[in-house]
Amino acid sequence: MKELKEKILKEGKNLGGGILMVNTFLNHQIDSHLMVIVGREIADRFWHYHPTKVLTAEISGIAPAVQAGVFLDAPVVFARRVKSITMPDEIYIRTVPSHTKGGTADLIVAADMISPQDRVLIVDDFLATGKTIEALASIVEEAGAELVGIGAVIEKSFEGGRERLTPLGVPIEALAIVEKMEGDQIVLR
């Protein structure tokens, strides 16, 4: 993913404490052209698993997940942070630590959004510690659906998320892998 890697190196900023700021193209402002390329690449890597749903976390995972969903011709479900009044009573909820916000965050999915017949691909903006994706995977399991893969736009390999998720037994793909961040330097694999 040449375009993505160039963006990370040009516009990404190491804020320290393992935080990579990519606000100019992914987490605050979205580079729509880049997200189309990202979505196509994720879809290319997972189409042969025939996902019927794409699952992500609110909010930064939505843009890449929607684009992947377009190319996979699959609906996208995003786990909300707050239960809205339009949600049914039956929900799946997980609480995960939030590295960028401090504290914890809830991931809430209405039970009728994922069925046992679904083949679910999880797509998120970052794979860091893996705790958010692990929580999404446990929602898939509770729904009785099949997890078919995990796609991340950016992986921070030094945070151990891939190792945490490997026992899930599904393919894990990251479009760009950050090996380390020191001062102003971001080192990509």
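With positions in the sequence shown counted from 1, the corresponding number in the working numbering is that position plus 16. Think of the CB as a built atom: it goes at the ideal place given N, C-alpha and C, for glycine as much as any other residue.
Where are the alpha helix (DSSP H) runs, 4 residues long or more, that stay fully inside the stretch 46-93, in chain order?
With a minimum length of 4 residues, the continuous alpha helix (DSSP H) runs that stay inside the stretch 46-93 are 48-62 and 78-88.
Which of helix, strand or coil DSSP assigns to Ile24
Three-state result, Ile24: helix.
Tell me the DSSP secondary structure of Lys15 in three-state form.
Absent from the model: residue 15. The displayed extent of the chain is 17 to 205, so no value can be given.
Going straight from the alpha carbon of Ala153 to that of Ile138, what length do you get?
Each residue's CA atom was taken as its position, placing Ala153 and Ile138 some 8 Å apart.
Three-state secondary structure (DSSP) of Asp177
Reading the sequence as shown, one finds Gly at residue 177 and not Asp. In the structure shown, Gly177 sits in a helix (DSSP, three-state: H, G or I).
Smallest Cα separation from Ile188: which of Asp140, Met197, Gly32 and Glu198?
Proximity to Ile188 across Asp140, Met197, Gly32 and Glu198 peaks at Asp140, based on C-alpha coordinates.
Test item: CB-CB of Val136 and Val169 under 9 Å:
Pairing Val136 with Val169 gives a Cβ-Cβ distance that is not under 9 Å.
Tell me whether Lys196 is buried or exposed, calling it buried when 16 or more other Cβ atoms sit within 10 Å of its Cβ.
Its Cβ having fewer than 16 others within 10 Å, Lys196 is exposed.
Chain-order list of residues whose beta-carbon lies under 6 Å from that of Thr148 (same chain, five-residue window excluded)
Ala73 and Val112.
Identify whether Met37 lies in helix, strand or coil by the three-state DSSP scheme.
Looking at Met37 - three-state DSSP - the assignment turns out to be strand.
Decide if Arg178 is buried, meaning its Cβ has at least 16 other Cβ atoms within 10 Å, or exposed.
By the 16-neighbour rule on beta-carbons within 10 angstroms, Arg178 is buried.
If you draw a straight line from the alpha carbon of Asp134 to that of Val98, how long is it in whole angstroms?
Their Cα atoms are separated by approximately 24 Å.
Ala84 and Leu123 look like a contact to me (Cβ under 8 Å); what is the Cβ gap, rounded to whole Å?
Separation of the CB atoms of Ala84 and Leu123 is rounded to 19 Å, and the pair is thereby denied contact status at 8 Å.
Any beta strand (DSSP E) of 3 or more consecutive residues that is wholly inside the stretch 111-179
Fully enclosed beta strand (DSSP E) runs of 3 or longer: 120-126, 135-143 and 162-172.
When burial is assigned at 16 or more other CB atoms within 10 Å of the CB, is Ser100 buried or exposed?
With fewer than 16 Cβ atoms within 10 Å of its Cβ, Ser100 is classed as exposed.
Extent of the continuous beta strand (DSSP E) to which Glu106 belongs:
Neither: Glu106 is in no beta strand (DSSP E) and is coded neither H nor E.
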